[in-house]
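Visitor: Protein chains in written order, with the numbering used here: chain C, 40 to 399; chain X, 40 to 399. Would you mind keeping the following structure in view while I ask a few things?
Number of protein chains: 2
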Amino acid sequence: MSFPWPDPGTPLADVITPMPVIDEARVAANIAAVQAHMDKIGLLARPHVKTHKLPHLARAQIAAGAIGITCQKLTEAEVFADVGLDDILITYNILGAARLRRLAALNTRIDLTVVADSAEVVAGLATAGTVDRPLRVLVECDTGANRCGVTTPDQALALAQRIAAHPTLRFHGIMTYPAKGGVAEVEAFFRQTMGLLAAAGLDCPVRSAGGSPHIWQAGGMPSATEYRAGTCIYNDRAQVRAGACTLDDLALSVQVTVVSRPTPDRAVLDAGSKALTNDLSGFDTFGALAEYPEARIVSLSEEHAVVDLSACATRPAIGEIVHVLPNHVCPVTNLFDRVVFHQGGVVTRVVPVAARGTVW
Amino acid sequence: MSFPWPDPGTPLADVITPMPVIDEARVAANIAAVQAHMDKIGLLARPHVKTHKLPHLARAQIAAGAIGITCQKLTEAEVFADVGLDDILITYNILGAARLRRLAALNTRIDLTVVADSAEVVAGLATAGTVDRPLRVLVECDTGANRCGVTTPDQALALAQRIAAHPTLRFHGIMTYPAKGGVAEVEAFFRQTMGLLAAAGLDCPVRSAGGSPHIWQAGGMPSATEYRAGTCIYNDRAQVRAGACTLDDLALSVQVTVVSRPTPDRAVLDAGSKALTNDLSGFDTFGALAEYPEARIVSLSEEHAVVDLSACATRPAIGEIVHVLPNHVCPVTNLFDRVVFHQGGVVTRVVPVAARGTVW
């Protein structure tokens, strides 16, 4: 039996649950606000599409003024290349013969840039470019996030020189995913590295920073040339906590149904970790209820959310439709094959999440 | 470009990462051990398929002696009905006109049983059965898990009487998902409720308990007639912690690649929350590394796992293939379109996760 996807014009309240529902006007406003900010501070925008995974939103970001997109994995980039996005940065170490063969194929058909933080990764990448069409590589730098990346400007220089020595690669610049609020650390690392590179005679046209939580502080990195941010297209509770937006800027919520009210203080929703994710992001609740701000989602099973209503003056009834505001929106959209867009409470379109599950 | 799925006979080490890889022999042994235990203690087995979501494993469980399967959502049950599973219990309150229409259709083609914990749910279910083919309903009971379920035997009796009063429904028994280790609480609740039902002249043929962590204590519930368990087909770290299995019984791991070694004490894996989930299940690490038991996965981004190697005597190299043992296996399989089975390190088959994403 086919799934009961709503037709355009359907009232939002009639949409099946659990379902991510996305406000068209807020998405458009978020795209415009980010691009206006980037234009104002003189950074090129390269939005990270891992948040939405949707071709039509990537195109909207390009139309607003973005120079290209950022993907986190090779197969994610392939999905977007297949629908016409032709300038893609993959901010991930790509390793292994099978992946490198596909990377080589992708490099023949779009303007592709990748990253590396070790000699091992560079050696693999060198097999994916050609002398006629070198693969562009940025050196990933760790500016305090303690994830990937070379940890000193000296290491960045050494890896850049190694990249530049390969005729099938082109050293194209440096990138970082900063720690929370670490704008000053990024600027210091970039400036020192640029000095070392210049002294060594290496051009460094791209200095790529990113991250939604501190996007409004991005002007504090005059050495950066481009900015990658994903979450800010939808926003979420972590963005509100970071001071990067208000609740009115949240474009995505998960529409759910109250399926049980076993006690006066407890409600159960038809959405668990397989719809909302277990991502606490440092909060003490697995998301907030838009209609009942005092409610707390205290535990998740795979298909149930248990809600503590003890602080709520009014309380939902069995069968009532409510909306969960995610702590972290990016992994939520990855759980659904399709998402529903709406305008003013009326469905506008149902869109396949084209790059869902592209973790390879 | 099509995805590079491995052919049967491929060495496991050549399988793309990240990828759940499942040991055929351990799955078979886990199915057999659970069924032998159920036979020994005189409980009917009704495995919960939400863990594997795979038709061929549901059929293997039936072949071993299970009387039917348990599903958590309506669309999950539809997937299994479509491939021939004909005795299904859906342990979830089903609400809303669209869902109830589909439930009515499903009830015409398989032996279907559902649950209810409120008058509102019963009223809806009554529209999905017919006088000629009543829908079978169990009363869900809360025996300490604080999720769904009536909270007293008196409430169970009242709801059973309400179900029995509907000519389109048949009261068929009681079910519970117990709190951790709460075998005694289940037995007490079931026994009291059975007494009340008998006094009221209501037959209660099914008394359904479940849960993998305390499956080996299920003999402590002589009032129960059937048992639902999911995780025990694969097992995971939470099962080991519960004393329900050993590490040698874990049938599923996530094969990953070490993509970075930025410092002596840090490794980064090509699997983050979109491959492993953020499910800590009370642990202080997002899974264990089979090859490096002292390693700790201290943080996850969406596509990165950051591993603390400080306690490891030997340490993995960049490009090395390792295996993550999940804290909680069920939400992991839900993230992947396909999973890879192997026998002795050689791929046997690649199987679509037929019921992935069926949260409706």
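Just so it is clear, CB atoms sit at the ideal spot from N, CA and C, and this is done for glycine as well.
Determine which residues share a DSSP beta bridge with X:L291 and list them.
Guide: According to DSSP, which records beta bridges pairwise, X:L291 is partnered with X:I61.
Visitor: Exposed or buried, what is C:L286 when buried is set at 16 or more other beta-carbons lying within 10 Å of its beta-carbon?
Guide: Classification for C:L286: exposed.
Visitor: For C:G104, which of helix, strand or coil comes out of DSSP?
Guide: C:G104: coil per DSSP, three-state reduction.
Visitor: Considering C:V390, what are the terminal residues of the beta strand (DSSP E) in which it resides?
Guide: From DSSP, the beta strand (DSSP E) with C:V390 extends over 385-391.
Visitor: How many Å lie between X:V390 and X:Y216 at the Cα?
Guide: So the alpha carbons of these two residues sit roughly 29 Å apart.
Visitor: Do X:V60 and X:S312 have their beta-carbon atoms positioned less than 8 Å apart in this structure?
Guide: Not in contact: X:S312 and X:V60 (Cβ atoms no closer than 8 Å).
Visitor: Using the Cα positions of X:R305 and C:E179, report the straight-line distance between them to the nearest angstrom.
Guide: The straight-line gap from Cα to Cα measures roughly 16 Å.
Visitor: For a cutoff of 8 Å on Cβ pairs, would you count C:D318 as touching chain X?
Guide: At least one chain X Cβ lies under 8 Å of C:D318.
Visitor: Of all the CB atoms in chain D, is at least one closer than 8 Å to the CB of X:H343?
Guide: The displayed structure is made up of protein chains C and X, and chain D is not among them.
Visitor: Provide the residue(s) that pair with X:C110 in DSSP beta bridges, ordered along the chain.
Guide: DSSP lists X:I129 as partners of X:C110.
Visitor: Compare the beta carbon distance of C:A366 and C:F322 with 8 Å and say whether it is the shorter of the two.
Guide: It should be noted that the sequence gives Asn, not Ala, for residue 366 of chain C. Going by C-beta atoms, C:N366 is nearer than 8 Å to C:F322.
Visitor: Any residues in the region 367-399 of chain X with a beta carbon nearer than 8 Å to a beta carbon of chain C? Which ones, in chain order?
Guide: For the region 367-399 of chain X, which is checked against every Cβ of chain C, the residues closer than 8 Å are C369, P370, N373, L374, F375, D376, G396, V398, W399.
Visitor: For C:A137, decide whether its Cβ has a neighbour in chain X, counting only Cβ atoms nearer than 8 Å.
Guide: So, interface residue.
Visitor: Could you tell me the boundaries of the alpha helix (DSSP H) in which X:I202 lies?
Guide: 192-203 is the span of the alpha helix (DSSP H), which, as asked, contains X:I202.
Visitor: Mind listing the chain X neighbours of C:Y131? Cutoff is C-beta to C-beta under 9 Å, in chain order.
Guide: The answer, in chain order, is V298, D309, E342, H343.
Visitor: Under 9 Å between beta-carbons, which chain X residues line up against C:G188? List them in chain order, please.
Guide: Neighbours of C:G188 on chain X, chain order: S299, P301.
Visitor: Quick one: is C:A314 near chain X, going by C-beta distance under 8 Å?
Guide: Yes, C:A314 counts as interfacial toward chain X.
Visitor: What are the start and end residues of each continuous beta strand (DSSP E) run of 3 or more residues lying completely inside the region 43-90 of chain C, in chain order?
Guide: Listed in chain order, the complete beta strand (DSSP E) runs (minimum 3 residues) inside the region 43-90 of chain C are 58-62.
Visitor: Would you call the region 324-334 of chain C and the region 351-363 of chain C touching, i.e. three or more CB-CB distances under 8 Å?
Guide: Verdict: yes, contact present.
Visitor: For C:V122, does the three-state DSSP call read helix, strand or coil?
Guide: C:V122: coil per DSSP, three-state reduction.
Visitor: Is X:T264 closer than 8 Å to X:L82 when the C-beta atoms are compared?
Guide: Against a cut-off of 8 Å, the Cβ pair of X:T264 and X:L82 comes out as a contact.
Visitor: Do X:W399 and C:I55 have their beta-carbon atoms positioned less than 8 Å apart in this structure?
Guide: Taking 8 Å as the Cβ cut-off, C:I55 and X:W399 qualify as a contacting pair.
Visitor: The alpha helix (DSSP H) with X:C369 in it runs from where to where?
Guide: 369-372 is the extent of the alpha helix (DSSP H) around X:C369.
Visitor: From the beta carbon of X:S157, is the nearest beta carbon of chain C less than 8 Å away?
Guide: Yes, its Cβ sits closer than 8 Å to a Cβ of chain C.
Visitor: Apply the 10 Å Cβ neighbour rule to C:R148 and answer buried if 16 or more other Cβ atoms are within range, or exposed otherwise.
Guide: Exposed, by the Cβ-count rule.
Visitor: Our contact map puts X:L364 next to X:A327 with C-beta atoms below 8 Å; I'd like the distance itself, whole angstroms only.
Guide: X:L364 to X:A327, Cβ: 5 Å. Contact.
Visitor: Measure the alpha-carbon distance for X:S251 versus X:D347 and round it to whole angstroms.
Guide: Going by the C-alpha atoms only, they are around 30 Å apart.
Visitor: Could you name the residues of chain C that X:L134 contacts, counting a contact when the two beta carbons are closer than 8 Å?
Guide: T296, V298, D309, I357, G358, listed in chain order.
Visitor: If you run the structure through DSSP and keep just helix, strand and coil, what is X:L93?
Guide: Reduced to three states, the DSSP call for X:L93 is coil.
Visitor: With 7 Å as the C-beta to C-beta threshold (strictly closer), list the residues of the region 66-99 of chain C near chain X in chain order.
Guide: So the list reads K89, given in the order they occur along the chain.
Visitor: With DSSP run on the structure shown, which of helix, strand or coil describes X:T302?
Guide: Strand, per DSSP.
Visitor: Ordered along the chain, which non-local residues of its own chain (more than five positions away) have a Cβ less than 7 Å from that of C:D318?
Guide: Excluding positions up to five away in sequence, the list reads N366, H367, P370.
Visitor: Of the choices C:V66, C:E341, C:P57, whose alpha-carbon is the least far from that of C:G383?
Guide: Out of C:V66, C:E341, C:P57, C:V66 has the C-alpha closest to the C-alpha of C:G383.
Visitor: So which residues of chain C does X:I55 contact, with C-beta pairs closer than 9 Å?
Guide: Those are G135, A137, R138, W399, listed as they occur along chain C.
Visitor: If you follow the beta strand (DSSP E) that X:V222 is in, where does it begin and where does it stop?
Guide: Counting along the chain, X:V222 falls outside any beta strand (DSSP E), though it belongs to the alpha helix (DSSP H) covering 222-238.
Visitor: Can you have a look at C:V153 and say buried or exposed, based on whether 16 or more other CB atoms are within 10 angstroms of its CB?
Guide: It is buried - the Cβ of C:V153 has at least 16 other Cβ atoms within 10 Å.
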